[in-house]
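These notes concern the structure reproduced below.
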Amino acid sequence: MAELMLKVWLAAFIVNFAHWEITLVEGNTVTSAIQFTSSSSQSVEILSSIAPTKTTGNNSTIQTKLPDLECPDSVPCSHLGGSCIQCDFNYSCIYGEEVKAECKPISSTIKCTGPQIFNKTFNCRYCYQSHPKNYNCQKQSGCQVVSSPRERYQTNCTVKDDIICLGNRTFPKLLLCNWTSGYRWSTSVLLSLTLGGFGVDRFYLGHWREGLGKLFSFGGLGVWTLVDLILIIIGYVGPADGSLYIF
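And the structure:
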């Protein structure tokens, strides 16, 4: 009996070690990001440090030049991206309409060709109202995915350079928690079906306490094993770190 328990322990250790080794090697599945609080004052400070803007009396928005801003030279000025130009917007335009704005390079150090003042046509909307495909957000990997209701987190998003829009180009956004650390649903189901009575499925998912409980109670005399199998199949029991399964 002691030899059997030792073999089970070794099997659980090898399965868990192999998982973490794969996760470390293929670390591209997890994207780390800075988690910001939801207080409005901190959001304003974050945004002002990333995309500082100021509004003049005639409703035109002037974007200040960022230290790491890179704008191409020797291209037509009208082809510069939204982060490299400043435009006089009409903030009384009707949402969704195609309107024109008079624009120019954000700095005289940008060596573009053609007219320095040009017109840009854009869809009348604020940057935070852009379609999700038109902006990129900083991802968060520390929130709980397996929760009800689905957990959200606040992060910063920036519109793509070819998008012209009103207001700050970087803005706060609430996103659904959606990340994975490499745990496979199929592996979890297989371990629960074959070695669930010894808690190997729980060890694999990082639930060490439950795994020890199943091991020393022989899967709750079969009841706990069956319940865990059902819960893993329907996705109710997931990785201990709160991430999503890989199917």
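Note that our numbering has the sequence shown beginning at 891, numbered continuously upward.
Ideal placement from N, C-alpha and C gives every residue a C-beta, glycine not left out.
Keep in mind the model is a prediction, meaning the values are calculated, not measured.
Handout entry: Where the alpha helix (DSSP H) containing T1084 begins and where it ends
Key = W1075 to L1085
Handout entry: Segment limits, alpha helix (DSSP H) that includes K1104
Key = W1098 to F1106
Problem - Between the CA atoms of D1091 and Y1073 - distance to the nearest angstrom - result: 11 Å
Exercise for the section: Can you tell me which of the three DSSP states T999 falls into? Expected result: coil
Problem - First and last residue of the uninterrupted alpha helix (DSSP H) at D1051 - result: No alpha helix (DSSP H) contains D1051, which DSSP labels as neither H nor E.
Exercise for the section: Give the straight-line distance between the Cα atoms of I1007 and Y1126, rounded to the nearest whole angstrom. Expected result: 58 Å
Handout entry: Where Q1034 falls, given that 16 or more other Cβ within 10 Å makes a residue buried
Key = exposed
Problem - Cβ-based neighbour list, I1054, same chain, cut-off 6 Å, excluding 5 preceding and 5 following - result: G972, K1010 and F1012
Handout entry: Alpha-carbon spacing of T927 relative to W1069, whole angstroms
Key = Confidence at T927 is low in this model, with a pLDDT of 33, below 50, so its placement is unreliable and the value that follows should be read with caution. C-alpha separation (whole angstroms): 19 Å.
Practice task
Look up Y1018 in the DSSP assignment and say whether it is helix, strand or coil.
Solution key: helix
Exercise for the section: Assess, as a yes-or-no matter, whether the segment 1037-1053 is touched by the segment 1098-1115 under the definition of 3 or more beta carbon pairs within less than 8 Å. Expected result: no
Handout entry: Residue range of the alpha helix (DSSP H) that includes D1091
Key = V1090 to L1095
Handout entry: As assigned by DSSP and simplified to three states, the class of S1071
Key = strand
Problem - Three CB pairs or more closer than 8 Å across the segment 997-1004 and the segment 1019-1027 - result: no
Problem - For E1100 and W910, the rounded distance between their alpha carbons - result: Here the model assigns W910 a pLDDT of 44, short of 50, so the residue's position is not dependable, and the following value carries that caveat. Answer to the nearest angstrom: the Cα atoms are 19 Å apart.
Problem - Distance CB(R1059)-CB(T1077) smaller than 9 Å - result: no
Exercise for the section: Provide the residue(s) that pair with K1010 in DSSP beta bridges, ordered along the chain. Expected result: A991
Handout entry: Cβ pair C1017, E987 closer than 9 Å
Key = no
Practice task
Name the residue from K1050, C1027, Y1094 and L1065 whose alpha carbon lies nearest to the alpha carbon of I1122.
Solution key: Y1094
Handout entry: Closest residue to I984 among L1056, L1085 and L1066 (Cα-Cα distance)
Key = L1056
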